[in-house]
Structure formats: structure tokens, C-alpha cells
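**Q**
Chains as they are written, first to last, in the numbering used here: chain P, 3 to 252; chain R, 8 to 122.
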């Protein structure tokens with residue numbers, strides 16, 4: 003953590019092979035392990051939660067039903083009636099990111115959404131899917147999405163590239179938003195955690211500021227829980243909005 | 008809304024059917040919530056600020072990358088990068104405008120029967 007008196011805030015994001023020799027030989031890192039765990043947790047929530055099939059749900063079943071209905075509501079409200087066909091995709095995306103974010107809050111666990119490689123891969127998938135959906139539903143007419151309505155034809159050579167750039171910039175904005183939020187939170191935690199150790203070791207006079215740093219860390223953990231949920235939600239809602247634009251064009 | 012004042016029963020079958028159909032997206036859905044407000048509803052000023060910054064910068068990053076790539080392709084070193092920086096800045100502002108623009112003014116086409 004605070005090796006040699008300096009704060010190593012980024013060391014926590016280093017990838018290490020997981021699962022011993024087998025993991026090392028196929029480059030199976032702890033990030034991959036956490037992805038598997040996130041997937042299993044989502045699956046477990048739904049499978050174990052829905053096993054009782056009770057009329058009056060228990061806690062886990064209520065959680066599973068709420069998860070289902072929240073995401074379904076998000077899809078149908080944002081995309082429209084066609085949103086039902088995208089529900090499995092949005093649900094998977096939302097819960098993969100949500101569990102990834104939430105797992106990272108626990109000590110010794112790894113936040114795979116704090117790597118831009120992961121978030122960019124997810125975003126590329128979303129943008130490619132949106133484009134394919136638009137092309138399949140509307141054919142060549144999809145490209146009218148890049149032509150703003152009610153604009154003099156003289157301005158089109160200027161405005162169409164701007165629209166295309168705005169479309170492509172989703173790749174960066176969607177991925178960087180999730181990645182930056184998760185990374186910034188964990189860097190803050192690391193820095194204040196290192197403060198606690200360094201100030202605590204520096205002498206009795208510094209115990210008060212050390213306690214203050216610890217209090218900040220406690221507050222940060224709560225804040226991280228909020229950010230983890232909010233960012234997963236934002237990612238899913240933006241995916242829905244992009245899908246809406248592809249389905250309805252404008 | 009109950010037509011029979013004598014009966015003290017939960018909402019009538021018609022009402023419940025309408026609500027269920029609305030939930031399943033079979034009827035035209037009720038006024039949009041998540042989309043109308045964007046997703047800014049529960050967002051803190053920090054969140055809004057971060058989003059605006061990301062939207063502005065991301066368009067610029069994409070534009071510079073494209074401009075630089077095209078420049079290397081055609082060997083027109085500074086020209087296309089400069090042009091794309093301007094376009095990227097405009098696209099960034101367009102992104103921010105999309106973020107805050109009042110939704111109903113964006114094309115009445117959206118409101119027709121399909122939705």
C-alpha cells in the first residue's frame with residue numbers, strides 16, 4: 003500500500019494471474035475471475051431467487067423479480083414497445099456491470115470495470131449492436147439519422163460529419179464515463195487508506211488526522227456503493243436511449 | 008374512478024387490464040419518464056459536470072484520432088487534423104446540447120402512433 007513512504011495508488015489495478023499455474027498458463031487474470039464471479043452471481047440471483055416460485059415472494063425472490071421488472075420497465079419506457087426484444091441484452095449488460103462494480107467495493111476483490119479495455123469492449127459491442135439494429139430495421143434509410151431535419155442543403159456537408167462524429171464519440175464517452183468513475187473512486191480509497199497507515203505510524207500527534215482519513219474512507223465506501231449502482235444504471239439507460247434512436251431514427 | 012359507489016373493491020378489471028397492458032408495452036406507453044428527463048433525474052451536480060466534460064472531450068478525442076489518421080494516410084500533415092479539431096469541438100457541443108435539450112422539441116415525428 004504505502005511502500006517506501008510513497009502512495010502507490012495505481013498498483014491495485016495491476017493484473018495478476020489467478021488460479022495458480024493453470025491460470026498463469028492461459029493468462030487467466032483476477033479480472034477474468036471476477037467477471038466469472040459476476041456472471042455466476044447474476045445467474046445465482048435469478049436461479050436461486052426464482053426457485054421457490056412463491057405467490058408471495060421471499061426476500062431473494064422479491065429481489066430477483068424487482069431486478070427483472072426494473073430493467074424491463076427501463077427497456078419498454080425508453081425504447082418503446084420494441085424494447086422487449088432488447089431486454090435480455092440490457093439485463094445482462096446491467097447486471098454484469100452492476101456486480102462488477104459492487105464486487106470491487108469489497109476488500110481484496112478486483113474491479114474489472116476499472117479497466118478501459120473492459121469498458122471499451124462493452125461499449126464497442128453496444129455501438130456495433132445499435133448500428134446493426136438500425137441497419138437491419140431501416141436498411142440504407144438508417145443513414146438519414148445523420149442528416150438533421152429542416153436544415154438548408156448548403157450546410158449539410160458541414161453538419162453530417164459533425165453528426166457522424168457525435169455518433170462515434172459515444173464509443174469514448176460511454177466507456178470513459180464508467181471507467182473513470184470506477185477508477186477515480188478506487189484511487190481515492192487507496193490514497194486515504196494510505197493516509198491512515200502513514201499518519202498512524204508517524205506518531206501520536208497525527209492520530210487525529212489519521213482518524214479523520216479513516217472517517218473519509220468510510221464515507222467514500224458508501225459513496226462508492228452509490229456510484230457503482232448509478233454508473234451501471236447510466237450505462238444501461240444510455241444503451242436503451244441509443245437503441246431507441248436506432249429503432250425510431252431521431 | 009369507480010362507477011359503483013356501493014362496492015368497496017379494488018380497481019375494476021378494466022383498469023387493471025389497462026395497467027397490465029401498459030406495463031407489457033401492448034398499448035401506447037404512458038408519458039415517458041426516463042427518456043424525457045434524460046437520465047439526469049437523480050444525478051448530482053458532480054455527475055452532471057462529469058458527464059458534460061466527458062461528452063465534450065470524447066467527441067474531440069475521436070475527431071483528433073480520425074483527423075490524425077487521415078493525415079497520415081494522405082500525407083497532408085496538419086490540415087485534416089486542424090479541420091477535424093473544429094468538427095470535433097462542434098460535435099462535442101452538439102453532444103452537450105443533446106444532453107440538455109428539451110426532448111419534446113426534437114422532431115414531432117417521435118410522438119406519432121408508433122410510440
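C-beta: ideal position from N, C-alpha, C; glycine also.
#1: The alpha helix (DSSP H) that contains residue 81(R), what's its start and end?
#2: Just to confirm my understanding: we take residue 135(P), look at its own chain, exclude 5 residues before and 5 after, and list those with CB closer than 6 Å. What are they?
#3: Quick one: is residue 29(P) buried, meaning 16 or more other Cβ sit within 10 Å of its Cβ, or exposed?
#4: Measuring alpha carbon to alpha carbon, tell me which residue in 242(P), 209(P), 145(P) and 193(P) is nearest residue 10(P).
#5: Check whether the region 88-103 of chain P touches the region 36-46 of chain P, counting contact only when three or more Cβ pairs, one atom from each stretch, lie closer than 8 Å.
#6: Taking only the alpha-carbon atoms, compute the straight-line gap between residue 175(P) and residue 80(P) and give it to the nearest angstrom.
#7: In angstroms, rounded to a whole number, what distance separates the CA positions of residue 42(R) and residue 25(R)?
#8: Pick out whichever of 92(P), 128(P), 226(P) and 55(P) has its Cα sitting closest to the Cα of residue 75(P).
#9: In terms of residues, what are the limits of the alpha helix (DSSP H) holding residue 207(P)?
#10: Should residue 105(P) and residue 111(P) be called a contact, given that it needs their Cβ atoms to be closer than 8 Å?
#11: CB-CB under 8 Å to residue 227(P), same chain, minus the five flanking residues each way: which ones, in chain order?
#12: Verify the CB distance criterion: does residue 40(R) have a CB-CB separation below 8 Å to chain P?
#13: How do the region 137-150 of chain P and the region 204-212 of chain P stand: do at least 3 beta-carbon pairs fall below 8 Å, yes or no?
#14: Which residue's Cα is closest to the Cα of residue 12(P): 201(P), 233(P), 202(P) and 188(P)?
#15: At a CB-CB cut-off below 7 Å, which residues of chain P make contact with residue 94(R)?
#16: List, in chain order, every chain P residue whose beta-carbon is nearer than 9 Å to that of residue 77(R).
#17: Closest by CA to residue 31(R), which one among 84(P), 15(P), 22(P) and 201(P)?
#18: Is the CB of residue 179(P) under 8 Å away from at least one CB in chain R?
#19: Looking only at its own chain, which residues have a Cβ that is under 6 Å from the Cβ of residue 87(R), when we skip the five neighbours before and after it?
#20: Counting only C-beta atoms, is residue 58(R) closer than 8 Å to chain P at any point?
#21: Below 8 Å between beta carbons: does that hold for residue 69(R) and residue 171(P)?
#22: With distance defined between alpha-carbon atoms, name the residue in 225(P), 191(P) and 201(P) nearest to residue 53(R).
#23: Can you give the Cα-Cα distance for residue 241(P) and residue 55(R), rounded to whole angstroms?
#24: Would you say residue 245(P) and residue 88(P) are within 8 Å of each other, going by their C-beta atoms?
**A** Working from what's here:
#1: 52-81
#2: 248
#3: exposed
#4: 193(P)
#5: yes
#6: 20 Å
#7: Low confidence applies here, because residue 42(R) scores a pLDDT of 45, under 50, leaving its location unreliable; read the following figure in that light. Computed Cα separation, rounded: 22 Å.
#8: 92(P)
#9: That residue, residue 207(P), is in no alpha helix (DSSP H); it is neither H nor E in DSSP.
#10: yes
#11: 104 and 107
#12: Unreliable placement is indicated for residue 40(R), whose pLDDT of 45 sits below 50; no coordinate value is reported for it.
#13: no
#14: 188(P)
#15: 163, 164 and 167
#16: Within 9 Å Cβ-Cβ: nothing; residue 77(R) doesn't reach chain P, min ~12 Å.
#17: 84(P)
#18: yes
#19: 74, 77 and 78
#20: yes
#21: yes
#22: 225(P)
#23: 18 Å
#24: yes
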